[in-house]
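Residue 147 in the UniProt record's numbering sits at position 147 of the sequence shown, and the numbers go up by one each step.
Where is the CB? At the ideal position from N, CA and C, for every residue including glycine.
Remember, predicted model here, so these are calculated numbers, not experimental data.
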Amino acid sequence: MKLIKAVRGTKDIIGEEAVKYIYISNVAQKMFENYGYNFVKTPIFEETELFKRGIGEATDVVEKEMYTFKDRGDRSITLRPENTASLVRCYLENAIYNKEDISRFYYNGSMFRYERPQAGRQREFNQIGIEVFGEKSPKVDAEVIAIGYKFLEKLGITDLEVKINSVGSKESRTIYREKLVEHFSKHLDDMCEDCKDRINRNPLRLLDCKVDGDKDFYKSAPNIIDYLFEDERKHYEDVKKYLDVFGIKYTEDPTLVRGLDYYSSTVFEIVTNKLGSQGTVLGGGRYDNLLKELGDKDIPAVGFATGVERIMMLLGENYPKNNPDVYIAWLGENTSETAIKIAESLRDNNIKVYIDYSEKGMKSQMKKADKLAVKYCIILGEDELNKGIVLLKDFSTREQKEVKIEEIVNQIK
Numbered sequence: 001m002k003l004i005k006a007v008r009g010t011k012d013i014i015g016e017e018a019v020k021y022i023y024i025s026n027v028a029q030k031m032f033e034n035y036g037y038n039f040v041k042t043p044i045f046e047e048t049e050l051f052k053r054g055i056g057e058a059t060d061v062v063e064k065e066m067y068t069f070k071d072r073g074d075r076s077i078t079l080r081p082e083n084t085a086s087l088v089r090c091y092l093e094n095a096i097y098n099k100e101d102i103s104r105f106y107y108n109g110s111m112f113r114y115e116r117p118q119a120g121r122q123r124e125f126n127q128i129g130i131e132v133f134g135e136k137s138p139k140v141d142a143e144v145i146a147i148g149y150k151f152l153e154k155l156g157i158t159d160l161e162v163k164i165n166s167v168g169s170k171e172s173r174t175i176y177r178e179k180l181v182e183h184f185s186k187h188l189d190d191m192c193e194d195c196k197d198r199i200n201r202n203p204l205r206l207l208d209c210k211v212d213g214d215k216d217f218y219k220s221a222p223n224i225i226d227y228l229f230e231d232e233r234k235h236y237e238d239v240k241k242y243l244d245v246f247g248i249k250y251t252e253d254p255t256l257v258r259g260l261d262y263y264s265s266t267v268f269e270i271v272t273n274k275l276g277s278q279g280t281v282l283g284g285g286r287y288d289n290l291l292k293e294l295g296d297k298d299i300p301a302v303g304f305a306t307g308v309e310r311i312m313m314l315l316g317e318n319y320p321k322n323n324p325d326v327y328i329a330w331l332g333e334n335t336s337e338t339a340i341k342i343a344e345s346l347r348d349n350n351i352k353v354y355i356d357y358s359e360k361g362m363k364s365q366m367k368k369a370d371k372l373a374v375k376y377c378i379i380l381g382e383d384e385l386n387k388g389i390v391l392l393k394d395f396s397t398r399e400q401k402e403v404k405i406e407e408i409v410n411q412i413k
C-alpha cells in the first residue's frame, strides 16, 4: 500500500521545530498582551470577494497565489492568504467600533499561498501579527514598529534593520503613479516582463523589482516622499520622531511599497542579511482606507505580520529546550505505584517529569535520563521503598543523596 505523504508545500511541525513554534508563540502572547493587545482567531477560509477587494485584484497574491474553490453551496471560498482582511471583516461584522474607541488585536495561525516552496516559505505557513483599529496618531505607527522590533529582539534575533517609508494617500499616490509611468515608459525595452505588465496595472510594484532593481533607471525613479501632501509628510516626520522616542533605529527606503494594495501612509519592514535575498522577517504599515473599502467605515488602522517559519530559521539553537526536569527510575514490581504517585505530586507543582511505565534495567534508565538532559533523577528501588526514601541524583553535580519521599517536592522546587 502506498504511503500517503504531506501535500507539497506543507510541513509537519514536530520535535524541536514544535518546541520553537510554541516558544515563539508564547513570547508573542506575553509581549503583545503587555502592550494591551487581545487575541482574536478568525476562520481559516472566507468569501473570495473579501480578499479581492481587500488585498487588490492586481496583486500577485490575488492573481496567482490564492487557494480558491467552490463549496457545495456553489460559493467561491478562499483559504486566507493573510489575516488583515479577515480581522477587518471580523471588526466590522461584530461592530466592535461601537464598543470601544481603539481596538488592539493579535493573532497566530495558518495562511495559504500557492508559491514555489522554499526554505522558510511554504504553501501553508504560519503568521503572527497585530492590528490597531481606531487610532490615526503617528505614535501608534511608531509603537507597532517598536513592538515588532522588540519582539524579534526578545527572541534573541540580532542583525536586524528597520526600513520605513510612506506611500501617502490615494490622492497623492495617483499623482505619483503618473510620474512613475512617465519615467518608466522611457525604458520599456530594458524592463523585465513582470514590470512591463505592472507599469499600467500596479506601477508602485515597479519599485520592488527583484530582477532589474539595480539598474540606473530604477535608482533614478521619482521619490514618493516628494509627492506627499503636507499633512502626509508631517505624519511621516512624526513617525520618525516617535521611533526615536521608542529607541528604534531605522533606515528610510523610498523604494519600499509592500506587496498589498491596502497600504497607505506608513509602511515598514524589518530585515536581516541572514536569510539571503529574501531577508524580510516582519513587515506592515498603515491601511486607513481598507475599512472604508470593506465596510464603508472611515476608521484608521495599522499593523504588522511576521512569518513564524522564518523566525524559526533565525532562532538556530537559541531557544529554551522542552526537556523534563526529573526522570524517575524505578526497579521492582512493588515500586511502580509509588513512583507514579511521586511523579503526579511533582507535576501538580509544575515540575516536568518523565517516567517509563515498562520495567527496565537501571543502566538503561540512567542512559535515558542522560539523553533527556534532565536536572534530577529520582531512583526508587525495593530497599528505598522499605525505608520510605528515594535517591535524588543531581545531574549538574553528579551528587546523590537520600531524601524522604514526602519531602521530595520541596527538595526539587
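- The criterion of a C-beta distance shorter than 8 Å is satisfied by Leu243 and Ala142.
- The region 34–51 makes contact with the region 78–95; the number of CB pairs closer than 8 Å reaches 3 or more.
- If you check the CB distance, Pro320 and Tyr354 do not come in under 8 Å.
- A distance of 8 Å or more separates the beta carbons of Leu180 and Ile24.
- For Gly109, the enclosing beta strand (DSSP E) stretches over residues 103–112.
- In the three-state reduction of the DSSP assignment, Gln122 falls in the coil class.
- Asn223 sits in coil when the DSSP states are folded into three classes, being neither helix nor strand.
- Burial check for Arg75: the Cβ neighbour count within 10 Å stays below 16, so the residue is exposed.
- Just measuring C-alpha positions, the residue of Asp12, Lys11, Thr10, Glu16 sitting nearest Glu317 is Glu16.
- DSSP places Ile379 inside the beta strand (DSSP E), whose first and last residues are 376–380.
- Residue state for Thr251 is assigned as strand, using DSSP reduced to three classes.
- Between Tyr106 and Tyr37, the C-beta spacing is below 8 Å.
- Glu384 sits close to Leu391, with the two beta carbons spaced by under 8 Å.
- Within a 10 Å sphere around the beta-carbon of Arg205 sit 16 or more other beta-carbons, which makes this residue buried.
- Per DSSP, Glu399 is one residue of the beta strand (DSSP E) stretching across 399–404.
- One thing to note: Gly332 has its Cβ no nearer than 8 Å to the Cβ of Ala305.
- With distances taken between CA atoms, Val245 lies nearest to Val140 out of Arg398, Asn126, Val140.
- The beta carbons of Thr272 and Val162 sit about 11 Å from each other, so the pair does not count as a contact at 8 Å.
- Residue pairing by DSSP places Gln411 in no beta bridge whatsoever.
- When only Cα atoms are considered, Glu359 and Lys371 end up about 18 Å apart.
- By the Cβ test, the region 337–348 is not in contact with the region 187–203, since fewer than three Cβ pairs between them sit closer than 8 Å.
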